[in-house]
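Asks: So the sequence lines, in the order shown, correspond to chains A and B. Heads up, the first sequence is in the working numbering, so the first residue is 8 and it goes up one at a time. Heads up, the second sequence is in the working numbering, so the first residue is 8 and it goes up one at a time.
There are 2 protein chains.
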Amino acid sequence: MLGDRWSLLIIRDLMLRGFRTYKEFLGCYEGIATNILADRLQKLTAHGIIGAQPDPEDGRKWIYSLTAKGIDLAPVLTEMVLWAAAHEDTGNQALVQEMKKDKQKFLAAIRQRWAEGK
Amino acid sequence: MLGDRWSLLIIRDLMLRGFRTYKEFLGCYEGIATNILADRLQKLTAHGIIGAQPDPEDGRKWIYSLTAKGIDLAPVLTEMVLWAAAHEDTGNQALVQEMKKDKQKFLAAIRQRWAEGK
DNA sequence: TAGATCACTTGTAATCTGCAAGTGAAATGT
DNA sequence: ACATTTCACTTGCAGATTACAAGTGATCTA
């Protein structure tokens, strides 16, 4: 269900990088094809991990967001980021430091952010 | 690097189900092809996540094991199992209960088991 | 109202995967 | 000693999946 090259990246960027629209995803990943992105967004939606709403300010856009099920992946993503930081070259040292310092606080902040609807 | 259908399952079963040989993996997953299994074991080895040693009791067999880098995936796998248990139908309720009850203790036990060389 | 932007869809070629059948080395049975 | 079986793979090939380029229609902007 998450066992493909892009799904977890999409969730990560919704959760940690504030991505919201198709264009943001498409522009960011080197190499993701338009049809594959559309397919993954659709499958994640079908699995109830993300949701989509029309943008009230621009009728062409859709705004993607995490569902409760998607937000519950925060501990998984956090551990993955920490693992990658420990064993591979990764950027984003600030984020990693914040996670390491107080994991529970970090997770609580993510949940809080989504509870507030942003 | 782990973004495919089988790699994380292989790591999970090395870590939690005590799998050690090619045959165990092959017999367990419905549908994994022999060449794909060989390929994944090789790639995981190349990435330093698993290692392989010849079986001293049977010259045909290889014994696969987790490296330190692989063992460090325990928190990721644990959170994934807990997420799946909360949101999908999964078996292995005993394992899930043990993880939930004391996550740190559970992780310490995994590390201990590997430190002892089993 | 012409052109740009947006989120896709479609077509096609290349790549990857799944399955069946094989291979060689090592173990087992007689 | 020799045939058979087991083991961990490899090989060949058809079918599925993916990447890339080029649209498409609805919506926004100048």
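Glycine residues also receive a C-beta, built at the ideal position from the N, C-alpha and C atoms.
Decide if Met8 of chain B is buried, meaning its Cβ has at least 16 other Cβ atoms within 10 Å, or exposed.
Replies: Mapped onto the second sequence, residue 8 of chain B falls at position 1. With fewer than 16 Cβ atoms within 10 Å of its Cβ, Met8 of chain B is classed as exposed.
Asks: Rank B:Val103, B:Asp109, B:Arg47, B:Asp62 by C-alpha distance to the C-alpha of Ile56 of chain B and give the top, closest one.
Replies: In the second sequence, the residue the question calls residue 56 of chain B occupies position 49. Selected option, being the one with the closest Cα: B:Arg47.
Asks: Buried or exposed: Gly77 of chain A, going by 16 or more other Cβ atoms within 10 Å of its Cβ?
Replies: On the first sequence, residue 77 of chain A is found 70 positions in, with the first residue counted as 1. With 16 or more Cβ atoms within 10 Å of its Cβ, Gly77 of chain A is classed as buried.
Asks: Sorted by chain position, which residues of the same chain lie with C-beta nearer than 6 Å to Gly25 of chain B's C-beta, five sequence neighbours on each side aside?
Replies: For this step, residue 25 of chain B is matched to residue 18 along the second sequence. Excluding sequence neighbours, Gly25 of chain B sits near nothing in its chain.
Asks: Between the stretch 82–94 of chain A and the stretch 80–94 of chain B, can you find at least three pairs of beta-carbon atoms closer than 8 Å?
Replies: As far as the Cβ criterion goes, the stretch 80–94 of chain B touches the stretch 82–94 of chain A, which means the pair count is three or higher.
Asks: Assuming Thr28 of chain B contacts Ile70 of chain B under a Cβ cut-off of 8 Å, what Cβ separation, rounded to an integer in Å, is found between them?
Replies: One-based indexing of the second sequence puts residue 28 of chain B at position 21. One-based indexing of the second sequence puts residue 70 of chain B at position 63. Confirmed, Cβ separation roughly 7 Å.
Asks: Would Met22 of chain B pass as an interface residue toward chain A - the criterion being a Cβ-Cβ separation below 7 Å?
Replies: Along the second sequence, one-based indexing puts residue 22 of chain B at 15. Answer no: the Cβ-Cβ gap between Met22 of chain B and chain A never drops below 7 Å.
Asks: What does Leu80 of chain A reach in chain B if we use C-beta pairs closer than 7 Å?
Replies: For the purposes of this step, residue 80 of chain A is taken as residue 73 along the first sequence, with counting starting at 1. Per Cβ cutoff of 7 Å: Trp90.
Asks: Output the distance between the C-alpha atoms of Leu16 of chain B and Ile17 of chain A, rounded to the nearest integer angstrom.
Replies: The count along the second sequence starts at 1 and reaches residue 16 of chain B at position 9. The count along the first sequence starts at 1 and reaches residue 17 of chain A at position 10. Taking the straight line from one Cα to the other gives about 21 Å.
Asks: Across which residues does DSSP place Leu73 of chain A in a beta bridge pair?
Replies: Position 66 of the first sequence holds residue 73 of chain A. A:Ile57, per the DSSP bridge assignment.
Asks: Going by DSSP in three states, Pro63 of chain A sits in which element: helix, strand or coil?
Replies: To locate residue 63 of chain A, count along the first sequence from 1; it is residue 56. Three-state DSSP puts Pro63 of chain A in coil, outside helix and strand.
Asks: Have a look at Ala53 of chain A and Leu23 of chain B and give me their C-alpha separation to the nearest angstrom.
Replies: Taking the first residue of the first sequence as position 1, residue 53 of chain A is located at position 46. Taking the first residue of the second sequence as position 1, residue 23 of chain B is located at position 16. Whole-angstrom Cα-Cα distance: 30 Å.
Asks: I need the straight-line Cα distance from Lys68 of chain A to Lys112 of chain A, nearest angstrom please.
Replies: For the purposes of this step, residue 68 of chain A is taken as the residue at position 61 of the first sequence. For the purposes of this step, residue 112 of chain A is taken as the residue at position 105 of the first sequence. Each residue's alpha carbon lies about 33 Å from the other.
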